[in-house]
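As structure tokens, the structure follows; a few thoughts come after it.
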Ligand SMILES: C[S@@+](CC[C@H](N)C(=O)[O-])C[C@H]1O[C@@H](n2cnc3c(N)ncnc32)[C@H](O)[C@@H]1O
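Numbering (my numbering), first residue to last: 259 to 663.
What follows is the structure in structure tokens.
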């Protein structure tokens, strides 16, 4: 068992609460097994890749144990920032401005240690992340499609003798995950559960199809407009709802022609970019920005805009709650907020986006939100944004319009 001070890690800038931790038992299992395998096989840090590290626990514990040059992929902008903050707070990397907290390593740019040089290099889920990798430590993602994309990427780009160690909480694991791994690896072995977590070890990467399986694309024809609108959605494995149109999204799309024509329109938490794409297709003069904290969503939304021929008119950014956009810079915000945080129902993630919309909207600007009617967000929207009215309601969903006071 490693002596790394896991309890000192923070989730910041992600939502923090007393019942939410910045590490779990699976992180500890992955680190311990990873260090054992690295020692047995004589691996250097540069041959090790970490994928799905929530807040940096795995990466930082390996660095603390002396592993240098790790390659790391995290999907969430919040996770990337948390890793950088935690690394700096624990003194494991040098920060550019020396204040110890504001470092954020960019994909492909190494974060370095004061004495021992390069310690970890963030990457997107691509060839640079995985080429030559001989050990991949993975926190299992929630979506099977996301696991499928990761397994394909490891089999496609890592070394032939790569060992993939995937871990998760037993209560969230399914046999379907083994099946997905079996499609990319000849040997897949589930280990005995420990501390309510379990590791699956896969090796023997199989041949992969010439074209990567993601993004997938689906074309939809929307009839709730004066003229039918054809939109193609592209989705990477980790994107919300895949290339389908989610039922909540569809309820907001059904009234999208009532959203005013505005200068700058922001799709906050854009997923595959369905709302941004349809708005842009129906408003050729609007400036549209789509932003999401998930890299899989951002890559999907970019592929969506390319498929719909509007990549030059829709800017897609990877950011946490639009934090890099100026105050009062949007005339309209479109929002289909998440209402599950991890696997526990938690409205804090939605509140965070309402607060962001309040900051980003210009006075008189409008927030159009769709949510599960059971959540009764109207009071909160009125308090945080301004006067809020119900525009549309189906058996399950409510669409509201809030005017920024
Ligand atoms: C319910 S999905 C909606 C996606 C898309 N707008 C649609 O309607 O299909 C919510 C999206 O919000 C994103 N999200 C959640 N918290 C976020 C945050 N703090 N900053 C940016 N995006 C966030 C999630 O990654 C997810 O893609």
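All residues carry an ideal CB built from backbone N, CA and C; glycine is no exception.
With at least 16 other beta carbons inside 10 angstroms of its own, residue 549 counts as buried. For residue 292, the enclosing alpha helix (DSSP H) covers residues 283-299.
For residue 625, the beta-bridge partners assigned by DSSP are 591 and 660. In the three-state reduction of the DSSP assignment, residue 448 falls in the strand class, which pools E and B.
Sixteen is the threshold: when 16 or more other Cβ atoms of the shown chains lie within 10 Å of the Cβ of residue 530, as they do, the residue is buried.
Excluding its 5 nearest sequence neighbours in each direction, residue 585 has C-beta neighbours in its own chain below 6 Å: 617, listed in chain order. Only residues of its own chain outside the window of five on either side were considered, and among them 458 have a CB closer than 6 Å to the CB of residue 448, listed in chain order. The stretch 562-572 makes no contact with the stretch 613-633; the number of CB pairs closer than 8 Å stays below 3. Shown here, residue 597 sits in coil according to DSSP, grouped into three states, outside any helix or strand. As the crow flies, the alpha-carbon of residue 646 is around 10 Å from that of residue 663.
Between residue 532 and residue 505, the gap from beta carbon to beta carbon reaches 9 Å or more. Ligand 1 has no heavy atom closer than 8 Å to the beta-carbon of residue 605.
Taken in chain order, the unbroken stretches of alpha helix (DSSP H) that lie wholly in the stretch 475-529 and span 4 residues or more are 505-511. Apart from sequence neighbours up to five positions away, the residues of its chain that approach residue 378 with a beta-carbon distance below 6 Å are 317, 328, 330 and 369, ordered along the chain.
In chain order, 629 place their CB closer than 6 Å to the CB of residue 635, counting only its own chain and leaving out the 5 sequence neighbours on each side. Between the alpha carbons of residue 276 and residue 418 lies a distance of about 43 Å. Here the C-alpha atom of residue 410 lies approximately 21 Å from the C-alpha atom of residue 560. Taking one beta carbon from each stretch, the stretch 429-438 and the stretch 382-397 have fewer than 3 pairs nearer than 8 Å; the two do not touch. The Cβ atoms of residue 420 and residue 396 lie no closer than 9 Å to each other.
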